[in-house]
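Chemist: Here it is: the structure, laid out below.
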Ligand code: ADP
Ligand code: MG
């Protein structure tokens with residue numbers, strides 16, 4: 016071996032940063048380097064298994080598809096060897112010297128946000144290959160590609176700023192990684208401690224793992240076994256392995272089908288929703304297999320996007336092994352497969368909701384967002400999903416939730432619509448002006464608190480042939496209700512005069528002013544002139560999409576309210592103050608509707624009104 020061929024390279028800046036964190040800051044769970052290196056070996060073997068289907072000339076073709084680990088407690092080394100696809104020189108440099116691959120990139124991004132949660136992050140993402148540097152002060156990677164004309168190389172580094180690459184002879188196909196352990200990490204050179212770690216993290220790796228010549232894992236395609244033979248712990252272990260997770264699964268669905276497609280599927284719902292924890296959008300993670308051979312670990316087209324919270328495995332014998340993502344025929348096959356699985360999963364959730372409502376509501380609390388996203392964005396499963404939604408309602412106490420079906424069962428005889436109001440929270444809806452008209456008529460109203468709810472309702476449009484109607488919609492007509500008598504209630508002519516005066520005073524911000532048949536306790540309310548609710552309008556404005564939308568609103572007044580009665584009198588007696596009050600009442604109603612764009616005028620005006628009131 017001549018040393019003239021040694022090439023020295025600098026690590027990319029991000030890798031230096033990552034290595035620095037891995038070596039200096041992450042003290043817990045160092046043992047996961049075993050899992051990471053085995054999973055890389057397994058990936059490389061999986062890729063080779065695939066190549067064997069399409070390629071004829073594979074270097075060292077007879078090598079076994081297995082991972083061999085050897086420990087040496089005199090030399091203080093641990094070695095991982097696989098006969099997978101291996102790496103060419105360019106691949107060694109690209110894969111181990113730059114941050115082109117996803118795991119570590121995500122890790123770094125999460126670190127930026129993570130703060131003191133950093134210690135846990137390594138478990139959630141793994142830092143892949145670089146975790147070797149937690150325990151080793153020297154790492155040598157011998158590798159030779161499956162491509163016959165490529166020589167072997169050794170990549171070596173001490174984890175500082177640089178690494179070296181050199182050509183080697185007599186290298187077998189695949190990769191051999193030799194770690195020289197740090198002084199205080201020598202325990203990883205002992206057979207028994209490594210065996211335990213492999214059992215804990217890598218039991219389900221689909222290739223034999225040999226430790227010092229002895230096979231340690233069971234190579235078990237759990238999803239192909241019969242349900243009755245599988246213990247809960249086995250399922251949980253499998254979930255942790257498959258989803259790279261640390262929690263217990265919340266739900267598990269294991270099923271098989273023969274028609275229209277042959278399917279064996281094992282799906283899990285995690286305990287926690289990682290998107291809610293602030294780690295950003297998650298990738299789909301239900302892996303696609305054909306007869307135990309992995310086809311795609313993150314198939315984007317298998318399941319609808321909103322199902323990205325599900326983990327697990329789908330295995331179908333009907334898929335061609337060399338399936339490509341490009342050809343139309345293969346795509347529709349995958350989509351059909353996805354449809355069958357999605358329907359089955361939705362049926363499962365519906366059964367759970369009925370059988371164990373408390374657990375379901377807990378699930379809905381954490382993962383309901385995804386179901387809502389499904390209704391809002393993808394019409395395919397709208398009907399099934401709408402049955403799985405739960406909302407608070409005026410007919411039930413705070414914290415209790417109801418389905419649309421239960422709402423319908425409580426509807427009044429002549430009632431044809433389902434009413435809902437969107438607001439910040441229950442208190443703001445109950446104290447706002449929109450609820451009172453429904454309350455006076457004994458009509459139930461659903462309370463919706465999440466921004467996505469607006470899209471859910473406008474895409475769902477109806478449920479069980481009943482139209483869904485937003486309570487702050489202007490063109491909503493409710494049946495007459497007896498109104499309480501009030502002293503001084505404005506007569507028809509007086510009201511008409513007041514409305515005209517208000518329209519003139521408020522100006523172009525208001526499209527129409529009229530007497531309300533819905534207000535009971537509040538003096539006035541602002542309504543959207545069209546079907547779009549004010550919350551929706553408000554949201555679109557925040558997203559900078561309001562161009563072209565009419566900003567004029569309907570302003571409805573309550574002729575029985577003392578404020579309107581007094582205002583009608585003031586407009587002749589004290590025109591200046593009356594004008595201020597009219598504008599203020601209008602702005603107040605805009606605040607209640609969430610539509611006030613600029614509160615600056617309102618505050619100045621309020622002071623003026625206060626000084627006039629204080630002067631008396
Ligand atoms: P990830 O596995 O998330 O891609 P890693 O840091 O674990 O990230 O590995 C980086 C890359 O190095 C892999 O994507 C792969 O291309 C390459 N690699 C690592 N180990 C091996 C191996 N044993 N055989 C072949 N390629 C490997
Ligand atoms: Mg990896």
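Residue numbers (the numbering used here): 16 to 631.
Just so it is clear, CB atoms sit at the ideal spot from N, CA and C, and this is done for glycine as well.
#1: Going by the DSSP bridge assignment, what does residue 178 pair with across the sheet?
#2: Would residue 131 be called buried (16 or more neighbouring beta carbons within 10 Å of its own) or exposed?
#3: Under DSSP, the alpha helix (DSSP H) around residue 142 begins and ends at which residues?
#4: To the nearest angstrom, how far is it from the Cα of residue 268 to the Cα of residue 355?
#5: Residue 562 to residue 276, Cα distance in whole Å?
#6: Compare the C-alpha of residue 368 against each of 351, 418 and 390 and name the closest.
#7: Which ranges would you report for the beta strand (DSSP E) in the region 444-475 if only whole runs of at least 3 residues count?
#8: State yes or no: is the C-beta of residue 109 nearer than 6 Å to some heavy atom of the ligand ADP?
#9: Mind checking who residue 482 pairs with in its DSSP beta bridge?
#10: When the Cα atoms are used, what is the spatial distance from residue 580 to residue 438?
#11: With H, G and I counted as helix, E and B as strand and the rest as coil, what does DSSP make of residue 233?
#12: Note down, one range per segment and in chain order, each alpha helix (DSSP H) of at least 4 residues found wholly within the region 334-388.
#13: Given a cut-off of 7 Å on the beta-carbon distance, is the pair residue 107 and residue 168 in contact?
#14: Report buried or exposed for residue 279, applying the criterion of at least 16 other Cβ atoms within 10 angstroms of its Cβ.
#15: Restricting to runs no shorter than 4 residues, where is the alpha helix (DSSP H) found entirely within the region 21-91?
#16: Taking all protein chains shown into account, do 16 or more other C-beta atoms lie within 10 angstroms of the C-beta of residue 326, making it buried, or fewer, making it exposed?
#17: What span of residues does the beta strand (DSSP E) with residue 104 cover, start to end?
#18: Decide if residue 16 is buried, meaning its Cβ has at least 16 other Cβ atoms within 10 Å, or exposed.
#19: How would you label residue 440, buried or exposed, when you count the other beta carbons within 10 angstroms and need 16 or more for buried?
#20: Quick one: what's got a C-beta closer than 7 Å to residue 412's C-beta in the same chain, skipping five residues either side?
#21: What three-state label does DSSP hand residue 240 in the structure shown?
#22: What does a CB cutoff of less than 8 Å around residue 423 pick up in its chain, not counting 5 residues either side in sequence?
#23: Answer yes or no: the CB of residue 302 versus the heavy atoms of the ligand ADP, is any distance below 6 Å?
#24: I need the DSSP call for residue 581, collapsed to helix, strand or coil.
#25: In the structure shown, what three-state DSSP assignment does residue 96 receive?
#26: By alpha-carbon positions, which one of 308, 291 and 312 ends up nearest to residue 299?
#27: Below 7 Å between beta carbons: does that hold for residue 228 and residue 99?
#28: Please confirm whether any heavy atom of the ligand MG lies closer than 6 Å to the CB of residue 143.
#29: Would you report the Cα separation of residue 483 and residue 375, rounded to the nearest angstrom?
#30: Would you mind sorting residue 150 into buried or exposed? The rule is 16 or more other CB atoms within 10 Å of its CB.
#31: Going by alpha carbons, who is nearest to residue 142 out of 51, 176 and 90?
#32: Decide if the region 169-185 is in contact with the region 72-90; the criterion is three or more beta carbon pairs, one per stretch, under 8 Å apart.
#33: Tell me the rounded alpha-carbon separation between residue 73 and residue 184.
#34: Among residues of its own chain, excluding the 5 on either side of residue 32, which ones have a beta-carbon nearer than 6 Å to its beta-carbon?
#35: From what residue to what residue does the beta strand (DSSP E) around residue 266 run?
#36: When the distance is taken between beta carbons, is residue 400 closer than 7 Å to residue 389?
Modeler: Taking the definition as stated:
#1: 24 and 172
#2: Reliability of the predicted coordinates at residue 131 is poor, the pLDDT of 49 falling under 50, and the value obtained from them is presented with this limitation in mind. So residue 131 counts as exposed.
#3: Where residue 142 is concerned, there is no enclosing alpha helix (DSSP H), given that its DSSP letter is neither H nor E.
#4: Going from the Cα of residue 268 to the Cα of residue 355 covers about 14 Å.
#5: Residue placement at residue 562 is flagged as unreliable, the pLDDT there being 47, under the threshold of 50; a coordinate-derived value is accordingly withheld.
#6: 418
#7: 460-463
#8: No, the beta carbon of residue 109 sits no closer than 6 Å to any heavy atom of the ligand ADP.
#9: 432 and 477
#10: Going from the Cα of residue 580 to the Cα of residue 438 covers about 29 Å.
#11: DSSP places residue 233 outside both helix and strand once states are collapsed to three, so it counts as coil.
#12: 343-370
#13: Contact flag set, yes.
#14: buried
#15: Within the region 21-91, the complete alpha helix (DSSP H) runs of at least 4 residues are 28-39 and 47-69.
#16: buried
#17: For residue 104, there is no enclosing beta strand (DSSP E); the enclosing alpha helix (DSSP H) covers residues 104-112.
#18: Its pLDDT being 49, under 50, residue 16 is placed unreliably in this model, and the value from its coordinates should be taken loosely. By the 10 Å Cβ count, residue 16 comes out exposed.
#19: Exposed, by the Cβ-count rule.
#20: Nothing listed; no residue qualifies.
#21: coil
#22: 433, 478, 479 and 481
#23: no
#24: Here residue 581 sits in helix by DSSP.
#25: strand
#26: 312
#27: no
#28: Annotation for residue 143 indicates a beta carbon within 6 Å of some heavy atom of the ligand MG.
#29: 24 Å
#30: buried
#31: Cα-wise, what sits closest to residue 142 is 51.
#32: no
#33: 18 Å
#34: none
#35: In this chain, the beta strand (DSSP E) harbouring residue 266 covers 266-272.
#36: yes
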